[in-house]
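Participant:
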Amino acid sequence: MDARVVGIIQAGGHRGDMQLTPRLIYLAVQTFGPVGIVRLLPRLRARRRVQPQTPPGAYHIAEVDVDPALRNKGIGAALLEHAESEALATGYQLMSLTTTTVNPARRLYERHGFRVIATRTDPAYKRYTGIEGRHLMVKDLARSHACTGGSPRC
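Residue 113 in numbering that gives the first Met the number 0 sits at position 114 of the sequence shown, and the numbers go up by one each step.
(1) Can you pull the DSSP bridge partners for Glu62?
(2) Which of the three DSSP states is assigned to Gly132 in this structure?
(3) Just to confirm the assignment, what range does the beta strand (DSSP E) spanning Val115 have?
(4) Can you round the beta-carbon distance between Leu96 and Phe113 to whole angstroms, since I take them to be within the 8 angstroms contact cut?
(5) Would you say Arg46 reaches chain D, if we count a Cβ-Cβ gap shorter than 7 angstroms as a contact?
(6) From the DSSP output, in three-state form, read off Lys125 for me.
(7) Taking the continuous alpha helix (DSSP H) assigned at Thr30, which residues delimit it?
(8) Go ahead and label Ala45 buried or exposed: buried means 16 or more other beta carbons lie within 10 angstroms of its beta carbon, across all protein chains shown.
(9) Considering only their Cβ atoms, is the gap separating Gly6 from Val49 smaller than 7 angstroms?
(10) Skipping 5 residues on each side, what residues in its chain have a beta carbon closer than 7 angstroms to that of Glu131?
(11) Quick one: using the 10 Å Cβ neighbour count with 16 as the cut-off for buried, is Ile8 buried or exposed?
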């Protein structure tokens, strides 16, 4: 690979839901305009209805993205393994992530020990996105490392 970005992961300790602050409202109005905000609100409400609550104390993966031209080459797996190493190094016992009900990456997550513990659907979300809803997936780090002596694919 050359020096280009081929994938990213956004992960870290759970900090709870994003809080609506005056600064966030200002940025949203500047970005979308007042009319855009009004149009966006129903979509945001629908998204919130399908977004499962992140487990307290979990090392949460908020985003995993791999260049579409480079998928199925181990990049996503390497990103997950890196996040797991970070979680373990900082004392977390549980990892979590959310994904859409139709995301093909769910198979990758399952191969790495994540399991679905909740699914939320909403007709309005489906109307806006064409997707039924979202899954909450978790991985028990203590269990997975105990069963094979540290293999992240337990």
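By construction, the Cβ of each residue, glycine as well, lies at the ideal position given by its N, Cα and C atoms.
Facilitator: Walking through what the data contain:
(1) Locating residue 62 in the sequence shown gives position 63, counting from the first residue. Note: Glu62 sits in a beta bridge opposite Gln9.
(2) In the sequence shown, counting from the first residue as 1, residue 132 sits at position 133. Secondary structure of Gly132 (DSSP, three-state): strand.
(3) Here residue 115 refers to the residue found at position 116 when the sequence shown is read from its first residue. Note, Val115: beta strand (DSSP E), Arg114 to Thr120.
(4) Residue numbering aside, residue 96 sits at position 97 when the sequence shown is read from its first letter. Residue numbering aside, residue 113 sits at position 114 when the sequence shown is read from its first letter. Rounded, the Cβ-Cβ distance is 7 angstroms, consistent with contact.
(5) No chain D appears in this structure, which consists of one protein chain only.
(6) Indexing the sequence shown from 1 puts residue 125 at position 126. Three-state DSSP puts Lys125 in a helix.
(7) As a working mapping, residue 30 is identified with position 31 in the sequence shown. According to the DSSP assignment, Thr30 belongs to the alpha helix (DSSP H) that extends over Pro21 to Val49.
(8) Taking the first residue of the sequence shown as position 1, residue 45 is located at position 46. The residue is buried, with at least 16 neighbouring Cβ atoms inside 10 Å.
(9) Translated into positions along the sequence shown, residue 49 becomes position 50. Translated into positions along the sequence shown, residue 6 becomes position 7. The criterion of a C-beta distance shorter than 7 angstroms is not satisfied by Val49 and Gly6.
(10) Here residue 131 refers to the residue found at position 132 of the sequence shown. Within the same chain, Glu131 has close Cβ partners Thr100, Thr120 and Lys125.
(11) What you label residue 8 is simply residue 9 of the sequence shown in a count that begins at 1. By the 10 Å Cβ count, Ile8 comes out buried.
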